[in-house]
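Listed in order, the protein sequences are those of chains A and B.
Numbering of the first sequence is given in my numbering, commencing with residue 1 and proceeding in unit increments.
Numbering of the second sequence is given in my numbering, commencing with residue 231 and proceeding in unit increments.
Input: a single structure, listed below in structure tokens.
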Amino acid sequence: MKAWLGALLLLSSLAGGLRAQEAGHDGGAAPVWNEIKGEKLLALKLRGDAARGAEAFVGCQGCHKRGATGSPSGAYPRLAGQHATVLIEQMTDIRSGRRQNAKMLPFADEHVLTPQEIADIAIYLQGLPIPPNLGKGPGDKLERGKELFVRDCSTCHGERGEGQAEKFYPLVAGQHFKYLLRETEFIRDGRRGNANPDMVRVIKPYTDDDLEAVADYIARLEAPAAAPSQ
Amino acid sequence: MDTSDCSGRRGDAKFAGAQERTRAWLAALGFVVAAPAWADDAEKAKTIVANVCSACHGIDGNSTVPTYPKLAGRHPDYIVRELKEFISGKRKSDIMAPICAALDPGDFKGLGAYFGAQKPSSGTVLNAKAAAEGKKLYQDGNELSGVPACAGCHEPDAAGNKRFPRLAGQHREYLVEQLHNFRNDIRNNETARVMREVAKRLTEDEITAVAEYLTGL
């Protein structure tokens, strides 16, 4: 809980930092990555309640499944154990259209969820146990995958794929392979609207084989034990 | 803009006519509309059911006419909510709207409790193949078209809860009709928003199949 509060305190200064960082890249013209304002700021500031979150999440489990385990087919990501900050960022980006998700939007838009419920769901999901992963890749390029991950990804996503809550870097370890593969493709091909520009830069030159290798490696990383929810 | 309130007053002349007819009909059935001080809400609800609702929904809430829904075992909060939606006109029904408007909204809670406490019955599956396909859709959804699993909201055994109604054992004809009503925005109440989205993603075959499965539960 202390870490969570600490993360919140960091947010306002962080938002300013990101803005400055972004302005440096594109002469200030490009939209800021993950600008913390509006309902995103509100949901990050609100204190989430895991019990209320569990109730609000009932309307999501038709896709993300009970326990938020997602689908090994890759259609729906696992949400269990993800950092609350990341969940809030992704949900509000989906609502604002920065990250396009037409399938999910009608079940998570402003008619269905309040910013308070976004905060509630985030804290609930963060505390859920991460199930042993079923969605793995072919396993024939793991050496190459490790090399790429350590070189290009671990600075942000962490050596074990644990991510960094206060910087909005997602926990990726143990996510379904097919989902990871689709997202890395989206990121490379400019189809994930809210993708971090520094990440896009490192993934840009990847071949399809590289993406498969790194996604398979990540899918097999053992996710760390869940943080307590309250 | 709809100006009706829970007391069933409404400016619409055609509607008022239907309401008058219902009152007369209720009176003809021997039901006293403006009943004086009832000792017990449950007793009053029982009397209303016996005199009004049972004609269509059955005395135990297990209607035997396929277009009249079974109400037995539905969550009391859900029943109250739908009765109010009939009055507001957001859920359109030429049959239920005048009946609800002729009732005292103070009785809705008692009616919900009465039907909620009845034991629900199951129907008979006529097409086993369709029922098996329906089961798959109900439990897993359709990932390609983005239909969420019905079980996620309505519970794996389709017994429902206070937000998401019971579907188990319901008449297939009624289920199909309601799925069409959602899809065509005829059932336009706010709480049904997500359900309208679900229905718009269903094919006609999926509707037939899932209704067949649910009937048999």
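For every residue, glycine included, the Cβ atom is placed at its ideal position computed from N, Cα and C.
Closest Cβ-Cβ distance between V424(B) and chain A: below 8 Å?
-> yes
Determine the direct distance from the alpha carbon of S293(B) to that of V440(B), and round the result to whole angstroms.
-> 20 Å
Between which two residues does the alpha helix (DSSP H) carrying T297(B) extend?
-> T297(B) -> no alpha helix (DSSP H), and no H or E assigned at all.
Which residues of chain A have a Cβ atom closer than 8 Å to the Cβ of G371(B), listed in chain order?
-> G62 and C63
E436(B) touches chain A at which residues, Cβ-Cβ below 9 Å?
-> Simply none; closest approach about 14 Å.
Answer with yes or no whether the minimum CB distance from D242(B) to chain A is below 8 Å.
-> Low local confidence applies: a pLDDT of 44 at D242(B) is under 50, so the model's placement there is unreliable, with the coordinate-based value given in what follows. Cβ-Cβ to chain A under 8 Å: no for D242(B).
For G135(A) and I218(A), believed in contact at Cβ under 8 Å, the rounded distance = Wrong, their Cβ atoms sit about 11 Å apart, outside the cutoff.
Tell me, which residues are paired with Y206(A) by DSSP?
-> DSSP output for Y206(A) lists no bridge partner at all.
Going by C-alpha distance, which of G288(B), V377(B) and F394(B) is nearest H384(B)?
-> F394(B)
R98(A) by DSSP, collapsed to three states: which one?
-> coil
Among M104(A), R47(A), R66(A) and L46(A), nearest to E55(A) - alpha-carbon criterion | R66(A)
Do you know how far the Cα of P197(A) is from the Cα of G163(A)?
-> 17 Å
C-alpha distance - V279(B) paired with I289(B), whole-angstrom precision = 7 Å
Using a Cβ-Cβ cut-off of less than 8 Å, list which residues of the segment 170-197 of chain A approach chain B; keep chain order.
-> none
Would you mind telling me which residues of chain B sit closer than 7 Å to K103(A), beta carbon to beta carbon, in chain order?
-> G376
Measure from the C-beta of C330(B) to each C-beta in chain A and report whether the shortest distance is under 8 Å.
-> no
Member of L374(B), S351(B), R413(B) and A362(B) whose CA lies at the smallest distance from the CA of R396(B) = S351(B)
Which chain B residues sit within Cβ distance under 7 Å of A75(A)?
-> E373
Quick one: using the 10 Å Cβ neighbour count with 16 as the cut-off for buried, is T69(A) buried or exposed?
-> buried
Helix, strand or coil at P377(B) according to DSSP, with G and I counted as helix | Note that residue 377(B) is Val in the sequence shown here, rather than Pro. Three-state DSSP puts V377(B) in a strand.
Quick one: what's Q164(A) bridged to in DSSP?
-> Y169(A)
Classify P205(A) as buried or exposed, calling it buried when 16 or more other Cβ atoms lie within 10 Å of its own Cβ.
-> exposed
Any C-beta of chain B under 8 Å from that of H157(A) | no
Whole angstroms is fine: what's the gap from A195(A)'s alpha carbon to E427(B)'s?
-> 28 Å
What first and last residue would you give for the alpha helix (DSSP H) that runs through R417(B)?
-> Looking at the DSSP string, R417(B) is not in any alpha helix (DSSP H), and its letter there is neither H nor E.
May I ask which residues mark the beginning and end of the alpha helix (DSSP H) holding Q126(A)?
-> P115 to Q126
8 Å Cβ cutoff, A439(B) in contact with chain A = no
Identify the residues that DSSP records as bridge partners of N372(B): which are they?
-> V377(B)
May I ask you to check if the CB of A332(B) is nearer than 7 Å to at least one heavy atom of the ligand MN?
-> Summarising the ligand content, the structure contains no ligands, and the ligand MN is consequently not present.
Just the Cα atoms here: how many angstroms apart are Q61(A) and H176(A)?
-> 17 Å
If we ignore side chains and look at the alpha-carbon of each, how far apart do L333(B) and K314(B) end up?
-> 11 Å
Can you find a C-beta in chain A that's less than 8 Å from the C-beta of E363(B)?
-> no
Would you say C286(B) faces chain A, with C-beta separation under 8 Å as the test?
-> no
In terms of residue numbering, what span does the alpha helix (DSSP H) encompassing M157(A) cover?
-> Note that residue 157(A) is His in the sequence shown, not Met. Element bounds for H157(A): S154 to H157.
Would you verify that the beta carbon of G59(A) is, or is not, closer than 8 Å to some beta carbon of chain B?
-> yes
Using the Cα positions of M104(A) and N281(B), report the straight-line distance between them to the nearest angstrom.
-> 45 Å
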